[in-house]
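In what follows, a structure is listed as structure tokens, so that the remarks can point back to it.
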Amino acid sequence: MAMYDIQIYNQDTPNLPICSLEASEPFLSLHVGDFIDAATRNSRMDAQIGMELRIIKIKHLISTRPNGDVLHRMYVYVLPSA
């Protein structure tokens, strides 16, 4: 069985996910707010009209769990665009 995990990080907390979802199907329910929260968390900027978010890195890793499940991990790093 395959498992899917997506984690969203921002530049200020690269080791602490702002949002993390895991499911047994590749269709995970992300919301615009998840990306806004990640980009503005621990930042001096608040969400505002016309604000752009910059995705600075996307990383995809595939591993196997001890029970044999294949795990697909997506790491998305975002920040607000000044």
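Using my numbering, the first residue of the sequence shown is number 2, and each one after it goes up by one.
Glycine included, every Cβ here is placed at the ideal spot set by N, Cα and C.
Exercise for review: Would you mind sorting residue 77 into buried or exposed? The rule is 16 or more other CB atoms within 10 Å of its CB.
Suggested key: Counting the other CB atoms within 10 Å of its CB gives residue 77 a total of 16 or more, which places it among the buried residues.
**Study point:** Spatial neighbours of residue 10 in its chain, beta-carbon cut-off 6 Å, leaving aside the 5 residues before and after
**Key:** 18 and 78
Point to revise | Segments of 3+ residues assigned as beta strand (DSSP E) that fall wholly inside the region 5 to 33 | key: 20 to 24
**Study point:** Alpha carbon of residue 39 to alpha carbon of residue 62, nearest angstrom
**Key:** Taking the straight line from one Cα to the other gives about 20 Å.
Exercise for review: Out of 69, 66 and 59, state which residue places its alpha-carbon closest to the alpha-carbon of residue 7.
Suggested key: Put simply, of 69, 66 and 59 the residue whose alpha carbon is nearest the alpha carbon of residue 7 is 59.
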